[in-house]
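> One structure follows; several queries about it will come next.
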Amino acid sequence: MDFQLTEEQTIFKKMVHDFADERIAPLVDTWEREGVAMDQKLISEYAERGLLGITIPEQYGGAGLAAFDAILAMEELARVSTIASGPVFESSFGPIRVVEQFGTEEQKRRFIPPCCKGEKFMSIGMTEPGAGSALTDLTTRAVLEGDHYVVNGQKRFISGGGHSDLYMVYVRLSEKKGHKGIGGLVIEKGAPGFSFGKQEEFMGLRGMPSCDLIFEDCIVPKENLVIPEGGFANLMQAFCVERCGNATQSLGIAWGALEAAKKYSQERVAFGKPICEFQGVQFLLADMAMKVEAARLLIYRAAVNAGIGLPSIFESSVAKCFANEMAKEVTDMALQVFGGYGYSKEYPIERMLRDSRGWPVAGGTVQMQRINIAGAMLGRRFNQR
Ligand SMILES: Cc1cc2nc3c(=O)[nH]c(=O)nc-3n(C[C@H](O)[C@H](O)[C@H](O)COP(=O)(O)OP(=O)(O)OC[C@H]3O[C@@H](n4cnc5c(N)ncnc54)[C@H](O)[C@@H]3O)c2cc1C
0 MDFQLTEEQT IFKKMVHDFA DERIAPLVDT WEREGVAMDQ KLISEYAERG
50 LLGITIPEQY GGAGLAAFDA ILAMEELARV STIASGPVFE SSFGPIRVVE
100 QFGTEEQKRR FIPPCCKGEK FMSIGMTEPG AGSALTDLTT RAVLEGDHYV
150 VNGQKRFISG GGHSDLYMVY VRLSEKKGHK GIGGLVIEKG APGFSFGKQE
200 EFMGLRGMPS CDLIFEDCIV PKENLVIPEG GFANLMQAFC VERCGNATQS
250 LGIAWGALEA AKKYSQERVA FGKPICEFQG VQFLLADMAM KVEAARLLIY
300 RAAVNAGIGL PSIFESSVAK CFANEMAKEV TDMALQVFGG YGYSKEYPIE
350 RMLRDSRGWP VAGGTVQMQR INIAGAMLGR RFNQR
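Numbering follows numbering that gives the first Met the number 0, in which position 303 of the sequence shown is assigned residue number 302; successive positions increment by one, without gaps.
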């Protein structure tokens, strides 16, 4: 076990650190105020810096690196803005990995390279109005008719909804109940019968588009089927990698809040001295640091053990659950260090606190992670029905 970064990783991390501070930080207030998604010019800069498709094999336009390298990049970006690490998250941990792991050669060549160049984005469509945690209750139906599928149904809370060009949509391919009838197909924006609902107004994550996907007799070429019926386990296995990305969003937010609190505590004066000289404030900072470091190690373990493959359900669920809850606590403690200014929109802490609240729900709730952890630990699958 080695806790040192390689020379390449150190240089890469520093490059992302500077990019986040110099290029991203000045944009964050505008994203927050106007709720706008990042523009194409900035996305191109991600691509130029090799930040898209970090975990994707080189023959499909990626960097062919491990999940750990993508985590280093995400952490640096999410420290400044969780929105800013979105493109790395999507292109290294998102549904593109389902295509990369389980798609045909033709699908990989068609869908993956544009996502690594920043020309296209792929979102994941699992959740429905009546099926969230109980995902196997999903009712969106895809029926094969000749050379195409006809899709009917609705997906909810889809990150990137309306903005992304490609959607990996989990559908029911037959009358078979539960997970047995479920598969996944890529539906392209502009497909006949595919439309979007109104954009969500979330409490945080402003600048991250999200909306319903609506399929009304939507026509999808049969070549777009990536996971055939009965492949639900593959979809879930690929989701272990998504969990590491989600956990890193929490880690980055909390780290950013800790760094801000460290700086503020040395500048803010009370009773004639900087507040960092009060033991009460020191204990807050120390507790924040312990929590951030613990989450970081859990995420790194899940990623390093995965190498260039997929992480284990136990390690990825432990990392996600811990990091998600840690970020809520740490941003709340940072707000306390900032006093009244922490509660003001003039300072970044209240944004970080609101942003931290989204990740324990997205990507499987922390309750569902605990079910995964208990199941993996006890070597059993607990049917929730
Ligand atoms: C910011 C954000 C981004 C998202 N992005 C996407 C996306 O890109 N794609 C996508 O498909 N979905 C996305 N989602 C949806 C998300 O995956 C779901 O909201 C989540 O899975 C929970 O489903 P639900 O909202 O229907 O809640 P429910 O499943 O109705 O759960 C409600 C509550 O009951 C608890 N609960 C349910 N069943 C159990 C059980 N068996 N044991 C214990 N507790 C239980 C849950 O933990 C939760 O606290 C996103 C959500 C958010 C907030």
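Don't be surprised by glycine CBs; every beta carbon is placed ideally from N, CA and C.
With C-beta atoms as the reference, is Gly183 less than 8 Å away from Val97?
Translated into the one-based positions of the sequence shown, residue 183 becomes position 184. Translated into the one-based positions of the sequence shown, residue 97 becomes position 98. Result yes, Cβ atoms of Gly183 and Val97 sit closer than 8 Å.
> Between Gly422 and Ile70, how many whole angstroms is the CB-CB distance? I'm expecting something under 8 Å.
One cannot answer for residue 422 here, as it falls past the ends of the chain, which runs 0 to 384.
> Examine ligand 1 and report whether any of its heavy atoms sits within less than 7 Å of the Cβ of Ile157.
Here residue 157 corresponds to residue number 158 of the sequence shown, with the count starting at 1. For ligand 1, at least one heavy atom lies less than 7 Å from the Cβ of Ile157.
> Mind checking Pro128: buried by the 16 CB within 10 Å criterion, or exposed?
Within the sequence shown, the letter at position 129 stands for residue 128. Under this definition Pro128 is an exposed residue.
> For the beta strand (DSSP E) containing Ala141, list its first residue and its last residue.
As a first step, residue 141 must be located in the sequence shown, where it is residue number 142. Unbroken beta strand (DSSP E) run through Ala141: Arg140 to Glu144.
> Is the region 327 to 339 close to the region 299 to 316, with three or more CB pairs under 8 Å?
Verdict: no, contact absent.
> Use the C-beta contact count for Met125: other C-beta atoms within 10 angstroms, 16 or more gives buried, fewer gives exposed.
The count along the sequence shown starts at 1 and reaches residue 125 at position 126. Met125 should be labelled buried.
> Of all the options Met289, Ile213, Pro94 and Phe101, which has the alpha carbon lying nearest to the alpha carbon of Ala322?
Residue 322 sits at position 323 when you count from the first residue of the sequence shown. Per the Cα distances, Met289.
> With respect to the alpha helix (DSSP H) encompassing Gly251, which residues constitute its N-terminal and C-terminal limits?
Within the sequence shown, the letter at position 252 stands for residue 251. Note, Gly251: alpha helix (DSSP H), Phe231 to Glu266.
> Less than 7 Å between the CB of Met73 and some heavy atom of ligand 1, yes or no?
For the purposes of this step, residue 73 is identified with residue 74 of the sequence shown, where counting begins at 1. Outside the cutoff, so no.
> Closest to His147 by C-alpha separation, out of Ser315, Gln368, His16 and Val219, would be which residue?
Here the question's residue 147 lines up with position 148 in the sequence shown. Residue Val219 is the option with its Cα nearest to His147.
> Here's a check: name, in chain order, each residue in its chain whose Cβ is nearer than 7 Å to the Cβ of Lys221, leaving out the five neighbours to either side.
Your numbering for residue 221 matches position 222 in the sequence shown. Same-chain partners within the cutoff: Leu143, Asp146, His147 and Tyr148.
> Grouping DSSP H, G and I as helix and E and B as strand, with all else coil, what is Ala386?
Only positions 0 to 384 of the chain appear in this structure, which leaves residue 386 out of reach.
> Nearest CA to the CA of Pro56: which residue from Gly308, Asp164, Leu26 and Phe337?
Against the sequence shown, residue 56 aligns to sequence position 57. For the residues Gly308, Asp164, Leu26 and Phe337, the minimum Cα distance to Pro56 belongs to Gly308.
> On a Cα-Cα basis, can you pick out the residue from Ile82, Pro227 and Gly279 that is closest to Trp30?
Walking along the sequence shown from the start, residue 30 turns up at place 31. Out of Ile82, Pro227 and Gly279, Ile82 has the C-alpha closest to the C-alpha of Trp30.
> Considering Cα atoms alone, identify which of His178, Gln248 and Gly93 is closest to Leu165.
Along the sequence shown, one-based indexing puts residue 165 at 166. Looking at the Cα atoms, Gly93 is the closest of the given residues.
> By DSSP, does Leu165 sit in helix, in strand, or in coil?
For the purposes of this step, residue 165 is identified with residue 166 of the sequence shown, where counting begins at 1. Note: Leu165 maps to strand in three-state DSSP.
> Assess contact between the region 129 to 138 and the region 199 to 212, defined as three or more Cβ pairs (one per stretch) separated by less than 8 Å. Is contact present?
The region 129 to 138 vs the region 199 to 212: no contact.
> Does the Cβ-Cβ distance between Met202 and Arg22 come in under 8 Å?
Translated into positions along the sequence shown, residue 202 becomes position 203. Translated into positions along the sequence shown, residue 22 becomes position 23. No, these two residues do not count as a Cβ contact at 8 Å.
> Near Gln236, which residues of its chain fall below 7 Å by C-beta distance, leaving aside the five closest residues on each side in sequence?
The residue labelled residue 236 in the question sits at position 237 within the sequence shown. Answer for Gln236: Leu309, listed in chain order.
> Put Ala385 into one of helix, strand or coil per three-state DSSP.
One cannot answer for residue 385 here, as it falls past the ends of the chain, which runs 0 to 384.
> Going by C-alpha to C-alpha distance, which of Ile298, Phe313 and Phe193 sits closest to Asp68?
Translated into the one-based positions of the sequence shown, residue 68 becomes position 69. Per the Cα distances, Ile298.
> Compute every distance between the C-beta of Ile387 and the non-hydrogen atoms of ligand 1, then say whether any falls below 7 Å.
In the structure displayed, the chain extends from 0 to 384; residue 387 sits before or after that span and is not available.
> To the nearest whole angstrom, what separates the beta carbons of Cys320 and Ile370, a pair I think is in contact under 8 Å?
Here the question's residue 320 lines up with position 321 in the sequence shown. Here the question's residue 370 lines up with position 371 in the sequence shown. Going by Cβ atoms, the distance from Cys320 to Ile370 rounds to 10 Å, so no, they are not a contact pair.
> Any heavy atom of ligand 1 inside 7 Å of the beta-carbon of Leu234?
Sequence index remark: in the sequence shown, residue 234 carries index 235 (1-based). It does not: the Cβ of Leu234 is nowhere closer than 7 Å to a heavy atom of ligand 1.
> Where do the ends of the beta strand (DSSP E) carrying Lys154 lie?
Taking the first residue of the sequence shown as position 1, residue 154 is located at position 155. Per DSSP, Lys154 belongs to the beta strand (DSSP E) from His147 to Ser158.
> Return yes when the C-beta of Ile370 is under 7 Å from any heavy atom of ligand 1, and no when it is not.
Taking the first residue of the sequence shown as 1, we reach residue 370 at position 371. Indeed, a heavy atom of ligand 1 lies less than 7 Å from the Cβ.
> Have a look at Phe381 and Ser132 and give me their C-alpha separation to the nearest angstrom.
Walking along the sequence shown from the start, residue 381 turns up at place 382. Walking along the sequence shown from the start, residue 132 turns up at place 133. Each residue's Cα considered, the two are about 14 Å apart.
> Using DSSP with H/G/I as helix, E/B as strand and the rest coil, what is Gly339?
For the purposes of this step, residue 339 is taken as residue 340 along the sequence shown, with counting starting at 1. If DSSP states are grouped into helix, strand and coil, Gly339 belongs with the helices.
> Considering Cα atoms alone, identify which of Gly341, Ala260 and Gly244 is closest to Trp358.
Reading the sequence shown from its first residue, position 359 is the one you call residue 358. Among Gly341, Ala260 and Gly244, the Cα nearest to that of Trp358 belongs to Gly244.
> Got a sec, what are the start and stop residues for the beta strand (DSSP E) Met376 sits in?
The count along the sequence shown starts at 1 and reaches residue 376 at position 377. Unbroken run through Met376 is the alpha helix (DSSP H), Val365 to Leu377; no beta strand (DSSP E).
> If we require 4 or more residues per run, which alpha helix (DSSP H) segments fall completely within the region 63 to 111?
As far as the region 63 to 111 is concerned, its whole alpha helix (DSSP H) runs of at least 4 residues are 66 to 79, 85 to 92 and 95 to 101.
> Three-state secondary structure (DSSP) at Pro113?
Locating residue 113 in the sequence shown gives position 114, counting from the first residue. Residue state, collapsed to three classes: helix.
> Does DSSP put Ser43 in a helix, in a strand, or in coil?
What you label residue 43 is simply residue 44 of the sequence shown in a count that begins at 1. Residue state, collapsed to three classes: helix.
> Measure from the alpha carbon of Ser316 to the alpha carbon of each residue in Phe11, Gly85 and Gln366, then state which is nearest.
Here residue 316 refers to the residue found at position 317 of the sequence shown. The option with the nearest alpha carbon to Ser316 is Gln366.
> Under three-state DSSP, which class holds Phe120?
Within the sequence shown, the letter at position 121 stands for residue 120. Phe120: coil per DSSP, three-state reduction.
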